[in-house]
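Below: one structure, written as structure tokens.
Chains as they are written, first to last, in the working numbering: chain A, 10 to 287; chain B, 24 to 607.
Right, here's the structure in full:
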């Protein structure tokens, strides 16, 4: 009883200290350091975590239990820990897989189409689509012409006809290049229009169109070691631009990306000068 | 009879692998759709379960042999008993490793037949010869090790220990061999710069050695070996906790209290090296292809790393709390004191090391020299200054530093799923405002960068080392009664094992996901509709499901192997009576 009373005293004392610490941290992060609200919440949560830890440090010993009680306690503990972990992970910002699915489809689809399996799958898919279309047409004809439609169906063999026009290739080269910039996630290292990497892994590209010719840009993409932006000479590979694009991108995609980069001519943004290295 | 059953299970696992190798040779095998979980989910769950079992059976024998040697050299029967009881569990989990391994291969074949066939064809000697042979050798040696335990005692003990050493050598070789194809999928070997392209090289001229000896092979071997010891240690702690809860007398409680303590010590000891082994692996991945780095830490997986930070913080808090609970029952703790300089050094590390590593990024030579000088300065100052602080004060400051270190570790550039696309208005981003300390200026933005994370990791490690030094001092100078630890400590051990497994599944998923929409990075596209990055929320259900499944099986194995065939503790085993702490 005595221990319990003294622990309640500890909880009250530590709780009070924790609240004071949380308020101080919130005020400091908000008014002194001008942190955004989400970071203010983070500091408050850490103050509360600290409070919990310091209460636990002074907690009295737990009375031992055994048998069914111990098993029930253990199972309950697992359930709570599992739920806390899931809740913690779910509370963090979530990446939307739909965004990535769209990107991946654009990257992977042409590669799949280039394989034998892809060609067969594309043909099968197209056959299914045409079959569905012809069935729909026949259904409409049946409602309009009855027996006459069935005769038409028999005459065409009940299947799909060839000759659907291929889908038109889309857009201009610059738009395609911009799309490639997004698909290859160049923004993770570079910045254009103030958007992109915050960690300065690669140079800003706003004025790159004035600093490099198209063939030089192409050389840089195909062989990244050939050119290096001033101030970005790296001692270690881990920060160097990958040399995989010549293998992963088609000629047309590289041309499109170069066309897009060539349009970037904002001289007001300081863009590091590329220097020929090889 | 149980031994026969185990051998049947292992043989069944090997047969699975053999059949899989044969099946992979079929032309154009067809993929099947896995119900409910989907193909990726099915492979994910089965592969992760297999890796968890494998981690334990490879990690546990390392310290089992060490424990056996300690028991033999010091004539301390507790070490001998610990080694034997952990081996009992290892033997049954070994069968589960073989079974889940076979299941993994079958599920992989059914759901990704072309990829499996491709991998087996490229690593035929590994999958068809080396791995099965090593597995057979390991099975033979493990069962020999276990079944000769009682026969090889006394003057023959050294032979038994040598069997254990051989078991570890074969286990390590198995790990290294199978890590080859695993690492290859992340970082397929490239031809010398400027030479032929990756696809041509791999498909035409690359030898098996070229493919095995890829960028991330050795970092993965090191990371997994250390990780397996951590894992084995925490599972040993779990075994100790379960048996402590089930203990019927003081003698058993004393033994399992000590058992849990040793398990935690092994787990924490190896855990101290784990962040650095992890860095090495991440470093090599980024060195292989710089786009992996932002994908992991700034793009789609950035919040996975946020969660990792939280888990590492919880594990360090948990392990230090266990030390605290264990220390609290030592009589004479209040007389234990440490130099004030230790306290000041501990408190200074996050800020000072962050500034040093911002100015001189690792691996610059000053990144090592200056921190070493800083620590040396306090060690020398401690020789001259006589001020001391009590153990309890030091521990409390240590906890404060764990929380601060973890807060730094968890500070992202922005609270968004994709850091590079954080909104411009700064509503979710850390401001880049600066704070001047007169002689030095700190940018808040630096808190989100690697130097700050490294300083935070070092703080967690340093604090834990100091706590153990303190604990050791208390053990030597005070009196400890094994079996009287706070009951809550058993739940801390359970929590540590659960968190370690959960974190392992989390980081395993991260390593796999860095391949993005490739089965083999930059080489073999994944054309299935599931080649996207799953959300952290969805993944956390998978992590928890795998962890709980593993826990249920391990709990069953512990109860089955230890409670049903429980041996009487040797007479010399620790008694539940006070003893001079640290006395043999």
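Ideal Cβ placement from N, Cα and C applies to all residues, glycine included. No experiment lies behind these values; they were computed from the predicted model shown.
Amino acids of chain B, ordered along the chain, whose beta-carbon sits closer than 8 Å to that of residue i
i              : result
residue 250(A) : 313
Interface residues of chain A facing residue i [CB-CB closer than 9 Å]
i              : result
residue 382(B) : Neighbours of residue 382(B) on chain A: none; closest Cβ ~15 Å, over 9 Å.
residue 517(B) : 83, 86, 87, 90
residue 571(B) : 87, 91
Alpha helix (DSSP H) segment containing residue i, residue limits
i              : result
residue 188(A) : 182-192
residue 185(B) : 180-209
residue 220(A) : 217-220
residue 317(B) : 315-320
Short CB-CB distance (under 8 Å) between residue i and chain A
i              : result
residue 476(B) : no
residue 361(B) : no
residue 567(B) : yes
residue 58(B)  : no
residue 110(B) : no
residue 419(B) : yes
residue 480(B) : no
residue 440(B) : yes
residue 449(B) : yes
residue 299(B) : no
residue 329(B) : yes
residue 170(B) : no
residue 469(B) : no
residue 236(B) : no
residue 548(B) : yes
residue 322(B) : yes
8 Å Cβ cutoff, residue i in contact with chain B
i              : result
residue 44(A)  : yes
residue 116(A) : yes
residue 16(A)  : no
residue 267(A) : no
residue 171(A) : The predicted position of residue 171(A) is uncertain, since its pLDDT is 38 and thus under 50; a value taken from the coordinates is nonetheless stated next. Closer than 8 Å: no.
residue 179(A) : Because the pLDDT of residue 179(A) is 42, which lies under 50, any placement of that residue in the model is unreliable, and the number read from its coordinates should be weighed accordingly. Closer than 8 Å: no.
residue 271(A) : no
residue 259(A) : no
residue 79(A)  : yes
residue 98(A)  : yes
residue 190(A) : no
residue 206(A) : yes
residue 121(A) : yes
residue 194(A) : yes
residue 355(A) : Outside the shown range of chain A, which is 10 to 287, sits residue 355(A), and nothing can be said about it.
residue 22(A)  : no
residue 285(A) : no
residue 36(A)  : no
DSSP bridge partner residues for residue i (one or two, in chain order)
i              : result
residue 543(B) : 547(B)
residue 362(B) : 411(B)
residue 80(A)  : Beta-bridge pairing links residue 80(A) to no other residue.
residue 452(B) : 437(B)
residue 557(B) : Paired residues: none, contrary to the question.
residue 54(B)  : The partner list for residue 54(B) (beta bridge, DSSP) is empty, contrary to what the question assumes.
Proximal residues of chain A, C-beta to C-beta of residue i below 7 Å
i              : result
residue 610(B) : Residue 610(B) cannot be examined here, being either before or after the span of chain B that is shown, 24 to 607.
Whole-angstrom C-beta distance between residue j and residue i, which should lie under 8 Å
i              : j              : result
residue 75(B)  : residue 98(A)  : 19 Å between Cβ atoms; not a contact.
residue 340(B) : residue 90(A)  : Contact doesn't hold; Cβ gap of about 14 Å is too wide.
residue 257(B) : residue 290(B) : 4 Å
residue 508(B) : residue 348(B) : 6 Å
Where residue i meets chain A, residues with beta-carbon distance less than 8 Å
i              : result
residue 426(B) : 55, 58, 59, 62
residue 220(B) : 255, 256
residue 454(B) : 42, 43, 44, 45
residue 350(B) : Within 8 Å Cβ-Cβ: nothing; residue 350(B) doesn't reach chain A, min ~11 Å.
residue 545(B) : 253, 256, 257
residue 540(B) : 113, 116, 117
Cross-chain neighbours of residue i in chain E, by beta carbon under 7 Å
i             : result
residue 71(A) : Chain labels in this structure do not include chain E; the protein chains are A and B.
For residue i, the first and last residue of its enclosing beta strand (DSSP E)
i              : result
residue 465(B) : 464-466
residue 108(B) : Residue 108(B) -> not in any beta strand (DSSP E); alpha helix (DSSP H) instead, spanning 100-134.
residue 238(A) : 236-238
residue 458(B) : 457-459
residue 285(A) : 283-285
Chain B contact residues for residue i, given Cβ-Cβ distances below 9 Å
i              : result
residue 75(A)  : 268, 269, 270, 271
residue 110(A) : 552, 554, 555
residue 241(A) : Going along chain B, no residue has its Cβ under 9 Å from residue 241(A), so there is no contact; the nearest lies around 12 Å.
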